[in-house]
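Take 1 as the starting number for the sequence shown in full-length UniProt numbering and just add one per residue.
One structure is given here, and the rest of the page talks about it.
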Amino acid sequence: MTAQATPRHRVSTTTARMRDLADSVADASVWSMDPAEAGATLVELTRLAAQVAELQARVAAHADTMHVGQDVGASSAANWLAHTTKTTRAAAYGAVRLGHDLEQHQSTREALAAGDIDVEQARVVIRWVDQLPADLGAETREKAEAHLLAEARHHDAKALSRLGRRLWEVIAPAEADAHEAEILQRQEAAALRACSVTMVDDGDGTTRGRFTLPTYHAAALRKMLMALAAPKHVAATQGPGIERRPGPEALGRALCELIERYPVDRLPTTGGVNATIVVVIDEDTLTDRLEKAGVLDTGDQISPAMARRLACEAGIIPAVLGGASVPLDLGRRSRYHSERQRIAMFLRDHGCRAEGCDRTTGLHAHHQQHWADGGHTNLTDGASLCAWHHTLIHDPTYQTTYLPTGKIRFYRRT
Numbered sequence: 001m002t003a004q005a006t007p008r009h010r011v012s013t014t015t016a017r018m019r020d021l022a023d024s025v026a027d028a029s030v031w032s033m034d035p036a037e038a039g040a041t042l043v044e045l046t047r048l049a050a051q052v053a054e055l056q057a058r059v060a061a062h063a064d065t066m067h068v069g070q071d072v073g074a075s076s077a078a079n080w081l082a083h084t085t086k087t088t089r090a091a092a093y094g095a096v097r098l099g100h101d102l103e104q105h106q107s108t109r110e111a112l113a114a115g116d117i118d119v120e121q122a123r124v125v126i127r128w129v130d131q132l133p134a135d136l137g138a139e140t141r142e143k144a145e146a147h148l149l150a151e152a153r154h155h156d157a158k159a160l161s162r163l164g165r166r167l168w169e170v171i172a173p174a175e176a177d178a179h180e181a182e183i184l185q186r187q188e189a190a191a192l193r194a195c196s197v198t199m200v201d202d203g204d205g206t207t208r209g210r211f212t213l214p215t216y217h218a219a220a221l222r223k224m225l226m227a228l229a230a231p232k233h234v235a236a237t238q239g240p241g242i243e244r245r246p247g248p249e250a251l252g253r254a255l256c257e258l259i260e261r262y263p264v265d266r267l268p269t270t271g272g273v274n275a276t277i278v279v280v281i282d283e284d285t286l287t288d289r290l291e292k293a294g295v296l297d298t299g300d301q302i303s304p305a306m307a308r309r310l311a312c313e314a315g316i317i318p319a320v321l322g323g324a325s326v327p328l329d330l331g332r333r334s335r336y337h338s339e340r341q342r343i344a345m346f347l348r349d350h351g352c353r354a355e356g357c358d359r360t361t362g363l364h365a366h367h368q369q370h371w372a373d374g375g376h377t378n379l380t381d382g383a384s385l386c387a388w389h390h391t392l393i394h395d396p397t398y399q400t401t402y403l404p405t406g407k408i409r410f411y412r413r414t
């Protein structure tokens with residue numbers, strides 16, 4: 001170990017001794033430990049880790065108060081610790097925050113220092129006690145903290161957090177239901193604000209993603225997927241004898257089925273067209289005479305077999321090249337482009353035709369010659385534009401030029 005320079009304080013010398021003791025067993029083999037001893041030692045190591053975490057947090061808070069790292073230009077003790085030890089700043093700041101929090105919660109600090117609770121449990125206790133109104137009084141807050149610490153002997157941090165939400169039942173039983181309802185309402189509002197979905201195309205036929213949903217919507221989604229992944233449903237839709245797949249794979253396939261089965265008439269329209277996938281496929285491929293990849297209107301490719309299957313599915317619009325054509329020229333009979341015209345237009349343009357724009361969804365169908373000026377509602381006179389550029393093209397302060405490439409160039413009039 002790297003020894004400290006002449007440690008004098010009792011915490012410093014004890015830390016040095018603990019490092020020496022840890023070094024002494026760094027190469028010790030554990031194969032000869034019987035199950036009982038291994039289990040007991042693992043429990044003791046877990047408690048020791050909690051005690052060390054409390055000591056680290058206590059020293060980190062003191063270092064923050066003393067502005068350790070200032071002499072080398074560090075903006076804070078946490079930043080200095082992160083740089084010096086090569087830990088993440090989040091971990092370093094977490095240690096400092098925990099130390100300051102424990103200064104205000106002596107009972108929780110003592111429980112952590114004794115190894116009776118772990119760091120996660122300590123943070124849960126602190127969070128819920130700190131959410132109590134400041135005017136409750138020290139005695140009531142101490143009672144609430146003692147209650148959660150007693151429950152921590154029987155519950156992990158996750159279960160303890162659920163109990164923390166009902167802390168009012170201990171300190172003010174008559175007001176508990178109303179307070180819990182208020183907490184739930186705040187949590188639900190925060191969950192809606194935190195909603196997010198991210199998806200990343202791996203380029204190998206798969207797309208990874210993650211999402212954050214409110215608890216209710218996640219529970220509803222889980223029930224839907226479990227129903228679609230149920231063995232009886234799988235046997236009914238894929239035939240008997242299907243081997244039961246592992247949970248995550250089954251739920252993943254259930255999500256695919258949910259996407260394919262969702263009724264298109266329930267979807268909002270984007271640019272006058274339901275938010276459904278369009279599969280471009282040759283007639284020869286559709287009739288099994290040719291093996292050629294299908295192309296989605298998003299530009300992604302799928303196998304001929306999947307293209308043929310999707311061409312039969314509800315909610316999937318097959319655009320068959322070389323098949324029976326659909327009249328796409330409405331002339332002056334209608335001002336608005338039909339759904340089929342919009343689909344054909346979006347397939348032709350592959351996104352917004354404004355120069356430099358990469359939008360491919362939520363497109364509008366635009367008359368190149370305005371309808372009021374005698375324009376026709378057909379593919380030749382139509383152009384796909386995103387909402388932003390569709391608004392801009394009708395703005396008299398901008399002029400547009402239709403380029404030979406099919407793109408539309410915008411520039412402000414002078």
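Yeah, the Cβ is synthetic: ideal placement off N, Cα and C, and Gly gets one too.
What you are looking at is a predicted structure, and each value in this text was computed from that prediction instead of being measured.
Buried versus exposed call for residue i [16 or more other C-beta atoms within 10 Å across all chains shown]
| i | result |
| --- | --- |
| A383 | buried |
| G73 | exposed |
| V124 | buried |
| Q131 | exposed |
| C256 | exposed |
| H364 | buried |
| W31 | exposed |
| C195 | exposed |
| L45 | exposed |
| A314 | The predicted position of A314 is uncertain, since its pLDDT is 40 and thus under 50; a value taken from the coordinates is nonetheless stated next. By the 10 Å Cβ count, A314 comes out exposed. |
| R348 | exposed |
| L48 | exposed |
| D329 | Confidence is the limiting factor: at D329 the pLDDT is only 47, short of 50, which leaves the residue's position unreliable and the question unanswerable from this model. |
| residue 436 | Because residue 436 is not part of the residues shown, which for the chain are 1 to 414, the question remains open. |
| A324 | Confidence at A324 is low in this model, with a pLDDT of 48, below 50, so its placement is unreliable and the value that follows should be read with caution. By the neighbour-count rule (16 or more Cβ atoms within 10 Å), A324 is not buried but exposed. |
| A254 | buried |
| R17 | exposed |
| V273 | Note that V273 has pLDDT 40, beneath the 50 cutoff, so the model's placement of it is unreliable and the number below is only indicative. It is buried - the Cβ of V273 has at least 16 other Cβ atoms within 10 Å. |
| H394 | exposed |
Beta carbon of residue i nearer than 8 Å to that of residue j
| i | j | result |
| --- | --- | --- |
| L379 | M345 | yes |
| V170 | H147 | yes |
| R157 | Q121 | According to the sequence provided, residue 157 is Ala. The question's Arg does not apply to it. It is a contact, given that the beta carbons lie within the stated cut-off. |
| H390 | H366 | yes |
| L102 | E145 | no |
| Y402 | Y411 | no |
| E355 | R409 | yes |
| T108 | I126 | yes |
| L112 | A50 | yes |
| G406 | R359 | no |
| I117 | A152 | yes |
Near the ligand ADP: residue i beta-carbon under 7 Å from a heavy atom
| i | result |
| --- | --- |
| D204 | This structure lacks the ligand ADP; in fact it carries no ligand of any kind. |
Spatial neighbours of residue i in its chain, beta-carbon cut-off 7 Å, leaving aside the 5 residues before and after
| i | result |
| --- | --- |
| Q56 | A95 |
| T88 | A82 |
| G271 | The predicted position of G271 is uncertain, since its pLDDT is 44 and thus under 50; a value taken from the coordinates is nonetheless stated next. Here the set comprises R342, G362, L363, H364 and A365. |
| V197 | G209 and F211 |
| L251 | L225 and A229 |
| P133 | none |
Distance between beta carbons of residue j and residue i, contact taken as under 8 Å
| i | j | result |
| --- | --- | --- |
| A60 | G115 | Wrong, their Cβ atoms sit about 19 Å apart, outside the cutoff. |
Own chain partners of residue i with C-beta closer than 6 Å, once the 5 adjacent residues on each side are dropped
| i | result |
| --- | --- |
| A63 | A77 |
| S29 | none |
| G69 | A77 and W80 |
| P396 | none |
| E110 | none |
| Y93 | A78 |
Residues that residue i bridges to, as DSSP identifies them
| i | result |
| --- | --- |
| R412 | Y398 |
| R208 | V200 |
| S76 | Note: S76 sits in no beta bridge, so no partner. |
| G382 | H367 |
| A354 | I408 |
Own chain partners of residue i with C-beta closer than 8 Å, once the 5 adjacent residues on each side are dropped
| i | result |
| --- | --- |
| R208 | M199, V200 and D202 |
| W128 | A144, L148, S161, G164, R165 and L167 |
| V52 | M18 |
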